[in-house]
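Peer 1:
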Amino acid sequence: MSGLYIHIPICIAKCTYCDFYSVVSRDWKTIDRFFQCLETELKRLPTSFAPETIFIGGGTPPAVSAEQLAQLIEIIHGNIDVSQVREWSCEANPGTLDRDKVGILRNGGVNRVSLGIQSFHEKALKLLGRIHTAEEAIKGFRMLRDAGFDNLNIDLIQSIPGMKTEDVLADARKVTELDPEHISYYNLIYEPGTAMTRDRDEGRIVPPSDDEEADNYFAVKAILEGAGYGHYEISNFSKPAAECRHNLLYWKNGEYFGVGPAAHSHWNGARFGNVRDLGQYCGRLLDGKKPFDEVERLDPETKAREFLVMWLRLTDGVDLEEFELLTGYSVDALCGTDIEHMVAERLLQRLEGRLRLSNDALFISNAVLSELVQP
Ligand SMILES: C[S@@+](CC[C@H](N)C(=O)[O-])C[C@H]1O[C@@H](n2cnc3c(N)ncnc32)[C@H](O)[C@@H]1O
Ligand code: SF4
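Using our numbering, the letters of the sequence shown map in sequence onto residues 11 to 385.
1) Let me confirm a value: alanine 9 is counted as buried when at least 16 other C-beta atoms fall within 10 Å, else exposed. Which label applies?
2) Less than 6 Å between the CB of phenylalanine 30 and some heavy atom of ligand 3, yes or no?
3) Exposed or buried, which one is glutamine 168 when buried takes at least 16 other CB atoms within 10 Å?
4) Regarding aspartate 165 and ligand 1, is the C-beta to nearest heavy atom distance less than 6 Å?
5) For arginine 356, which residues from the same chain have a beta carbon less than 7 Å from its beta carbon, with the 5 sequence-adjacent residues on both sides left out?
6) Return yes when the C-beta of asparagine 197 is under 6 Å from any heavy atom of ligand 2, and no when it is not.
7) Serine 386 and tyrosine 196: beta carbons closer than 7 Å?
8) Evaluate valine 216 with the Cβ neighbour count: other Cβ atoms within 10 Å of its Cβ, from every protein chain shown; 16 or more gives buried, anything less gives exposed.
9) Let me know if leucine 361 comes out buried or exposed under the rule of 16 or more other beta-carbons within 10 Å of its beta-carbon.
10) In three-state DSSP terms, what is alanine 251?
11) Applying the criterion that 16 or more other CB atoms from any shown protein chain within 10 Å of the CB defines a buried residue, is isoleucine 374 buried or exposed?
12) On the three-state DSSP scale, how would you describe glycine 386?
13) Starting from serine 155, trace the alpha helix (DSSP H) in both directions and tell me its first and last residue.
14) Can you list the alpha helix (DSSP H) stretches of 4 or more residues lying completely in the segment 224 to 273, in chain order?
15) Could you tell me if the beta carbon of asparagine 376 falls within a distance shorter than 6 Å of some heavy atom in ligand 1?
16) Pop quiz: threonine 26 and threonine 186 are said to be a contact at Cβ under 8 Å. What is the actual Cβ separation, rounded to whole angstroms?
17) Measuring from the CB of glycine 69, is there a heavy atom of ligand 2 at a distance below 6 Å?
18) Say yes only if the C-beta of cysteine 345 is nearer than 6 Å to one or more non-hydrogen atoms of ligand 2, and no if none qualify.
19) Please determine whether the Cβ atom of cysteine 100 lies at a distance below 6 Å from any heavy atom of ligand 2.
20) Would you check if the segment 123 to 140 and the segment 97 to 111 touch, i.e. whether three or more CB-CB distances between them fall below 8 Å?
21) Looking at C-alpha atoms only, which residue of Ala182, Glu49, Val74, Ala354 is the closest neighbour of lysine 231?
22) Please go through the same chain and pick out, in chain order, the residues whose beta-carbon is closer than 7 Å to the beta-carbon of leucine 295, but skip the five residues on each side of it.
23) To the nearest angstrom, how far is it from the Cα of arginine 140 to the Cα of serine 275?
24) Just to confirm the assignment, what range does the alpha helix (DSSP H) spanning tyrosine 291 have?
25) Pick helix, strand or coil for asparagine 376, following the three-state DSSP scheme.
So, in structure tokens, the structure goes:
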């Protein structure tokens, strides 16, 4: 099983919290040149490559014009064998959707849209620098449904400064009313260099306390589970059989090519990442060069540790026998003592041949998992 990620680094406006690589551009000529380079990169992929998942992410893919979106779909069909594709996702910001663009995605083969709503609370949307209101976000969701999309994800963010617990819970209830197949519920991360992080560091906004965040996380989890969503990954919930196949590839050490600036690939045991700059990316491709610098080949032990930590993000945990079969390492040989300590501290659980994060550890998973990456 393999996947293709396509990074479209264009946004209408930069959100205050986001450090995904994107530029704010309406310069259609730059976008045309970018698509020309993207096509060159796609043509360089092995001819035998037939992904089972495609994910067009960003940035905001539908931030380009309807004609350009149609051109993007055409470029993919013209250069990639899509005969094996079972899930084809595209990310969208509700402020960038219209009926034309939704129709182009649907008719072009996209069968899953991930809609960044973030919150239904107007003040929070303003603080996040979003270009849409809650009402526009709901309209965008309905537009996708009306066009026939039966596999939709909504991205939400919790722990947004200024939101009371009742507002957080209202968001969780609202999203279940919309009834998407999948919900990604992220905790707000203060990324270095973002406007949001500056505002926090200079005291203009005050994040909720850790205890408040943890309480919200578990209350949201209970609401979503009560509405029939399985909590299958630290930040992800889905209706039965609607887990995101493309992201499962990342968590289960699958192979994928990433094209576009800042996109990463994992292929034949090697990892490589494209330059994080649209101008340099295009310059390199137009000069006939590779868009990435170093190819990283991890030693087998580091690779096995990385795999363990990614797989542990899934709430049903790691199948210990399968892990050993796939990596050649038993989990105990890799980090037995650390694991014993964490089991004793009730951060990890061993159950029926599996190792998984305990319920209590879900909220502090980053701290727990980072312990296991180090030898
Ligand atoms: C590429 S965006 C999704 C599509 C579109 N660009 C949009 O924003 O609507 C990926 C998602 O990552 C999440 N995200 C980005 N930065 C984040 C941060 N600092 N903390 C938490 N979630 C974040 C947001 O939920 C966002 O919807
Ligand atoms: S969250 Fe989405 S719309 Fe906002 S800057 Fe990031 S990629 Fe662009």
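The beta-carbon is built from N, C-alpha and C at its ideal position, and this holds for glycine as well.
Peer 2: Let me spell this out:
1) The structure shown has nothing for residue 9, since the chain only spans 11 to 385.
2) This structure does not include ligand 3; its bound ligands are ligand 1 and ligand 2.
3) Per the 10 Å Cβ criterion, buried.
4) In this structure, ligand 1 has a non-hydrogen atom nearer than 6 Å to the beta-carbon of aspartate 165.
5) Closer than 7 Å at the Cβ level, and outside the excluded window around arginine 356, lie Ser368, Asp370.
6) Closer than 6 Å to some heavy atom of ligand 2: that does not describe the Cβ of asparagine 197.
7) Only positions 11 to 385 of the chain appear in the structure, and residue 386 is not among them; the question remains open.
8) Exposed, by the Cβ-count rule.
9) Label assigned to leucine 361: exposed.
10) Taken through DSSP and simplified to helix, strand or coil, alanine 251 comes out as coil.
11) Counting the other Cβ atoms within 10 Å of the Cβ of isoleucine 374 gives fewer than 16, which makes it exposed.
12) The structure shown does not extend to residue 386, since the chain is modelled only from 11 through 385, so no value can be given for it.
13) With the sequence shown as reference, residue 155 is identified as arginine, and serine is not the correct amino acid for it. That run of the alpha helix (DSSP H) goes 144 to 156.
14) Look at the segment 224 to 273 and you find these whole runs of alpha helix (DSSP H), each 4 residues long or longer: 255 to 261.
15) Checking every heavy atom of ligand 1 against the Cβ of asparagine 376, none is found closer than 6 Å.
16) 27 Å between Cβ atoms; not a contact.
17) Answer for glycine 69: yes, Cβ within range of ligand 2.
18) No, the Cβ of cysteine 345 stays beyond 6 Å of every heavy atom of ligand 2.
19) Answer for cysteine 100: no, Cβ out of range of ligand 2.
20) In short, these stretches touch, since the Cβ pair count reaches three.
21) Closest option to lysine 231, Cα to Cα, is Ala182.
22) Excluding five sequence positions before and after leucine 295, the CB atoms of its chain that fall closer than 7 Å to its own CB belong to Cys47, Thr50, Glu51, Pro301, given in chain order.
23) Straight-line Cα distance between these residues: approximately 30 Å.
24) Residues 288 to 296.
25) Correct three-state label for asparagine 376: helix.
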